[in-house]
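Using this note's numbering, the first residue of the sequence shown is number 70, and each one after it goes up by one.
We put the CB at the ideal spot given by N, CA and C, even for glycine.
Okay, structure first, notes after.
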Amino acid sequence: MTISPAHGDWVPDACTLPTVEQPIRVAEFDRFFADSVHGTTRHAPTRLDLHLAADAEAVGRDLASRESSCCSFFTFDFDTTYAGLVMQIGVPAAYVEVLDAFAARVQAANGGQQ
């Protein structure tokens, strides 16, 4: 599947997750975004921070682990800051469009509010 932010697709060809499983993973992320993300920060084109609900770490780590195994260009780190739990997502410069589409899905899942 190619990246088409206009259509909401953010799964690049480099992803090794079987095509039939990709909509399931996208739905898992959408649910996570809607239920657990209460804000974002974009420090650089290659980094997106998701500000998470306090009880979202286990689900976030599980999704991050599974996503890293099929899309090895993603990096996921978790940190606790003064503002709470943060999931830090990074990509190489060649994958900024994927992160842009990822960020757009976060916004869509939260009613466009970030």
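- Taking all protein chains in view, the Cβ of E136 is crowded by 16 or more other Cβ atoms within 10 Å, so the residue is classified as buried.
- A straight-line Cα-Cα distance of about 24 Å links C84 and V155.
- The Cβ atoms of A178 and F102 sit closer than 8 Å to each other.
- L119 is the residue among D99, Y164 and L119 whose C-alpha sits nearest the C-alpha of D148.
- Burial check for S105: the Cβ neighbour count within 10 Å reaches 16 or more, so the residue is buried.
- In this structure, I158 sits near F171, with a CB-CB distance shorter than 8 Å.
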